[in-house]
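Numbering (UniProt numbering), first residue to last: 1 to 313.
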């Protein structure tokens, strides 16, 4: 947890165990009531705050889960899995109308509200539109797919990249989707038409591990496998700032922005979490957080709480 209004100072409050394999993603819900964690061992864990007790598990995926994302109203969770599917889970059951057709999971005593199938290989990343009507997913099949959640069907396939898609995100108003890939490119798409609006690449063409819009969606952060995070003015096609000091050469480690928009955080392959002042680019804090690569970092939407996940499980 962070203390005081000045420079954040985090101290360990909870160590949560339960996943049998490495952590791939941690996320707080927008309403701050839940934390979800995903892992290579398949079950998704949902913890309730403030106690961080395990509320329930979602275990129908038949492969590891690479990413999870909460809807803006915090009622639904989307997950991306190696089993080639995206699943939509109800945090509180019966939010969505039942989809038509037989439910193959009903007999197991558990069901997800939707199973979105169409990717040809593992699904690596997933994101919600701000309105909660669409989900975008990126896969090892090099495509981005856009889904109608209520109808449970695919709206369009974007032949997005020439290598696996490592991250997707909607803009603040939902009109654009950004995707990035190990091919070194990131692209901005028109949500309604699927048209590619812009293609950008850094000079060294390093594989891109993660991309995300800034809170106002006027800029983008890219995390690349040259141990650099860059802030892009994508409309002007230029890098505004670069942040270094962490180690990221092998894994898809995302960078996040704190709720107040002042700080940038990322895990590191030397077992640290690194925190930068976005304006000055200086490292304001860096600490050993785990005994292995820090794969995932999440910041609570309103409180000074940070969650981290690592390869050590």
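Even for Gly, the Cβ is constructed at its ideal location relative to N, Cα and C.
Query: Measuring only the C-alpha atoms, how far is residue 288 from residue 146?; Result: 38 angstroms
Query: Can you tell which of 277, 291 and 258 has its C-alpha closest to the C-alpha of residue 305?; Result: 258
Query: Can you give me the Cβ contacts of residue 26 inside the same chain, cut-off strictly under 6 angstroms, excluding the 5 residues immediately before and after it?; Result: 37, 296, 298, 307 and 309
Query: Under three-state DSSP, which class holds residue 342?; Result: Here the chain has residues from 1 to 313 only, and residue 342 is not among them.
Query: What three-state label does DSSP hand residue 251 in the structure shown?; Result: coil
Query: Helix or strand or just coil, what does DSSP make of residue 91?; Result: coil
Query: When the Cα of residue 179 is compared with those of 154, 196 and 62, which residue comes out closest?; Result: 196
Query: Expressed to the nearest angstrom, what Euclidean distance is found between the alpha-carbon atoms of residue 46 and residue 35?; Result: 6 angstroms
Query: Name the DSSP beta bridge partners of residue 176, please?; Result: 190
Query: Can you tell me the Cα-Cα spacing of residue 183 and residue 163, whole angstroms?; Result: 5 angstroms
Query: Apart from the five residues just before and just after residue 109, which ones in its own chain have a Cβ nearer than 8 angstroms to its Cβ?; Result: Below a pLDDT of 50, predicted positions are generally treated as unreliable, and residue 109, at 44, falls in that range; the measurement from the model is reported next regardless. Around residue 109: no qualifying Cβ.
Query: Does the beta-carbon distance from residue 209 to residue 224 come in below 8 angstroms?; Result: yes
Query: Please report the straight-line C-alpha distance between residue 10 and residue 136, rounded to a whole angstrom.; Result: 33 angstroms
Query: Can you tell me the Cα-Cα spacing of residue 217 and residue 69, whole angstroms?; Result: 18 angstroms
Query: What residues are listed by DSSP as bridge partners for residue 241?; Result: 231
Query: Starting from residue 153 and walking both ways along the beta strand (DSSP E), at which residues does that stretch end?; Result: 153-158
Query: In the DSSP assignment, what residue or residues form a beta bridge with residue 16?; Result: Residue 16 pairs with nothing; no bridge assigned.
Query: Helix, strand or coil, according to DSSP, for residue 200 in the structure here?; Result: strand
Query: Helix, strand or coil: which one does DSSP assign to residue 47?; Result: strand
Query: May I ask you to list the residues that DSSP assigns as paired with residue 170?; Result: 177
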